[in-house]
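Colleague: Structure incoming, see below.
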Amino acid sequence: MDENINLTILNEIHKGAKMGMDSISFVSEKVGDPVMKDNLSYEYVEYDKISKRVNEQFSKYGEIPDENDMKDKFMSWMGVQMNTMTDKSNSKIAEMLIQGTTMGIIEGRKLINHNPRADEEVKKLLNEFVTFQENNVEKMKEFL
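Numbering (the working numbering), first residue to last: -4 to 139.
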């Protein structure tokens, strides 16, 4: 199998996990509800575990993941600030997280569907990541 597709997939998972962690960090300070805070803390820890697993896979290829663009991180932070300026409700925060996570799910599903020949370990990690994101969306729907 072409090593490049595996690295591309791993980079996408890494990017998604880091973006998830950043988003949770940005919104957590605005959350007052302890149940939602617990949910977000759990998600953050799981995103971190996925990120570490991606790093282990990268080491098998003698590579390191691409770093997320600071501009993207800033735009994400700014989006959270703007979207919660007048509404910091659980519903608003859940809506924002669902929208962002759904974009990640779409990208993950595309990678799954278009790369059947990727290494099995990489495909397994990608499938687990997408399933994790889908479960996060279901949990966040409870706060809408």
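Positions of the beta carbon are idealized from the N, C-alpha and C atoms, including for glycine.
Once the 5 residues before and after leucine 139 are set aside, which same chain residues still bring their CB inside 6 angstroms of it?
Modeller: The residue given as residue 139 occupies position 144 in the sequence shown. Excluding positions up to five away in sequence, the list reads Ser86 and Ala89.
Colleague: Is aspartate 82 helix, strand or coil by DSSP?
Modeller: By one-based count along the sequence shown, residue 82 stands at place 87. Reduced to three states, the DSSP call for aspartate 82 is coil.
Colleague: Work out the CA separation of isoleucine 8 and tryptophan 72 for me, nearest whole Å.
Modeller: The residue you call residue 72 lines up with position 77 of the sequence shown. The residue you call residue 8 lines up with position 13 of the sequence shown. Whole-angstrom Cα-Cα distance: 20 angstroms.
Colleague: Please check the pair glutamate 58 and leucine 2, which I expect to be a contact at CB under 8 angstroms, by giving their CB distance rounded to whole angstroms.
Modeller: Position 63 of the sequence shown, counted from the start, is the residue given in the question as residue 58. Position 7 of the sequence shown, counted from the start, is the residue given in the question as residue 2. Yes, glutamate 58 and leucine 2 are in contact; Cβ-Cβ is about 6 angstroms, under 8 angstroms.
Colleague: Is the segment 115 to 123 in contact with the segment 41 to 53, if contact means three or more CB pairs nearer than 8 angstroms?
Modeller: yes
Colleague: On the three-state DSSP scale, how would you describe isoleucine 8?
Modeller: What you label residue 8 is simply residue 13 of the sequence shown in a count that begins at 1. The answer is helix: DSSP assigns isoleucine 8 an H, G or I state.
Colleague: Starting from isoleucine 45, trace the alpha helix (DSSP H) both ways and give me its first and last residue.
Modeller: Within the sequence shown, the letter at position 50 stands for residue 45. Start and end: 29 to 55.
Colleague: Ignore the nearest five residues each way along the sequence and tell me which others in asparagine 131's own chain have a CB closer than 7 angstroms to its CB.
Modeller: Stepping through the sequence shown from its first residue, residue 131 is reached at position 136. Excluding residues within five positions, the ones whose Cβ falls inside 7 angstroms are Glu38 and Thr96.
Colleague: Return the CA-CA distance between phenylalanine 199 and isoleucine 45, expressed in angstroms with no decimal places.
Modeller: This structure leaves residue 199 out entirely; the chain is present only between -4 and 139.
Colleague: Got a sec? Which residues, its chain only, sit under 7 angstroms from glutamine 140 by beta carbon, not counting five neighbours each side?
Modeller: Absent from the model: residue 140. The displayed extent of the chain is -4 to 139, so no value can be given.
Colleague: Within its chain, find whatever has a CB closer than 7 angstroms to the CB of asparagine 108; leave out the 5 residues flanking it on each side and keep chain order.
Modeller: To locate residue 108, count along the sequence shown from 1; it is residue 113. Cβ neighbours of asparagine 108 within its own chain (closer than 7 angstroms, five residues either side excluded): none.
Colleague: Taking 7 angstroms as the limit between beta carbons, can you name the residues of its chain near glutamate 25, skipping five residues before and five after?
Modeller: The residue labelled residue 25 in the question sits at position 30 within the sequence shown. Checking the displayed sequence, the identity of residue 25 turns out to be lysine instead of glutamate. Closer than 7 angstroms at Cβ, skipping near neighbours: Thr79, Lys83 and Ile88.
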